[in-house]
Amino acid sequence: MSEEFQDHQIRDVIKINYKYTMGGQSKFFIELKNNKRLLGTKCTKCGKTWMPPRINCSDCYEPADWVELKQTGTIEVSTIVWYTTSAFIKAIPYGVGYIRLDGAETALLQGIFSENLVPSKIKKGKRVKAVFNKRRVGKMTDFFFVPEDEYDNWISKPEYEEGV
Ligand SMILES: [Zn+2]
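According to my numbering, the sequence shown is numbered sequentially starting from 183.
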């Protein structure tokens with residue numbers, strides 16, 4: 183005797199509250215949130231300056247010290263984003279790129295916004311400056327870069343402000 187199996191399904195929602203740590207890189211996010219400072223790290227042995235910060239130098243594995251970097255930099259490579267997650271859908275199209283901050287030897291992947299976004303505005307070699315959200319939570323989305331010639335317009339908007 184065999185009876186065909188029939189499963190009974192109920193649609194439901196799982197909601198999860200959780201927290202995670204930024205570990206050794208926490209200082210970067212705390213300084214970003216509280217003081218609008220962009221911290222990199224400098225290797226205690228070879229002197230290489232890392233941005234994003236590395237707690238240990240990725241070249242020689244020695245400890246690195248925190249250093250404050252300038253909030254201006256140069257685009258090394260970029261693209262325009264047309265497809266994204268729900269978190270950024272209102273911002274499309276926007277740029278993303280690797281930006282080498284002045285004083286750093288490595289580049290940071292970050293958003294590049296422009297009021298007139300065309301490829302020539304965010305191409306390699308263009309100078310950019312960091313703009314900060316007034317409401318910061320200690321995440322990478324607390325700041326973004328804009329072309330230097332648009333900086334004053336961006337920081338005059340009510341939701342954004344200049345760095346230090
Ligand atoms: Zn090193």
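We put the beta carbon where it would ideally sit given N, CA and C, even for glycine.
Span separating the alpha-carbon of residue i from that of residue j
i	j	result
phenylalanine 246	threonine 267	Reading the sequence as shown, one finds alanine at residue 246 and not phenylalanine. Taking the straight line from one Cα to the other gives about 34 Å.
glycine 285	lysine 311	14 Å
cysteine 225	phenylalanine 325	25 Å
valine 300	isoleucine 192	48 Å
tyrosine 243	glycine 307	30 Å
glycine 205	asparagine 217	19 Å
glycine 320	glutamate 297	25 Å
isoleucine 304	proline 340	24 Å
glycine 279	isoleucine 262	9 Å
glycine 345	lysine 316	10 Å
lysine 197	threonine 223	37 Å
isoleucine 281	valine 195	40 Å
leucine 283	methionine 322	15 Å
tryptophan 336	glutamate 343	8 Å
tyrosine 333	histidine 190	58 Å
Closer than 7 Å: residue i CB and nearest ligand 1 heavy atom
i	result
glutamate 332	no
aspartate 189	no
aspartate 241	yes
isoleucine 287	The question names isoleucine, but residue 287 in the sequence shown is glutamate. False, no ligand heavy atom lies under 7 Å from that Cβ.
valine 244	Valine is not the amino acid found at residue 244; the sequence shown has glutamate there. Yes, Cβ of glutamate 244 sits closer than 7 Å to a heavy atom of ligand 1.
lysine 201	no
lysine 197	no
lysine 321	no
lysine 308	no
Where residue i falls: helix, strand or coil (DSSP)
i	result
lysine 311	strand
isoleucine 274	coil
proline 340	coil
tyrosine 280	strand
Among the options, nearest to residue i - alpha-carbon criterion
i	options	result
lysine 227	Lys272, Trp264, Ser240 and Tyr333	Ser240
arginine 309	His190, Glu213, Lys209 and Ile257	Ile257
serine 260	Ala269, Ile198 and Val328	Val328
isoleucine 237	Gln188, Lys201 and Gln207	Gln207
glycine 229	Glu332, Glu287, Ser302 and Ala269	Glu287
leucine 290	Leu220, Gln188 and His190	Leu220
valine 313	Gln253, Gly277 and Tyr265	Gln253
For this session: Would you list, in sequence order, the uninterrupted alpha helix (DSSP H) runs of no fewer than 4 residues that lie entirely inside the segment 233-263?
Result: The qualifying runs do not exist here; there are none.
For this session: Scan the segment 187-241 and note each continuous beta strand (DSSP E) run of 3 residues or more that stays entirely inside, going in chain order.
Result: Fully enclosed beta strand (DSSP E) runs of 3 or longer: 221-225.
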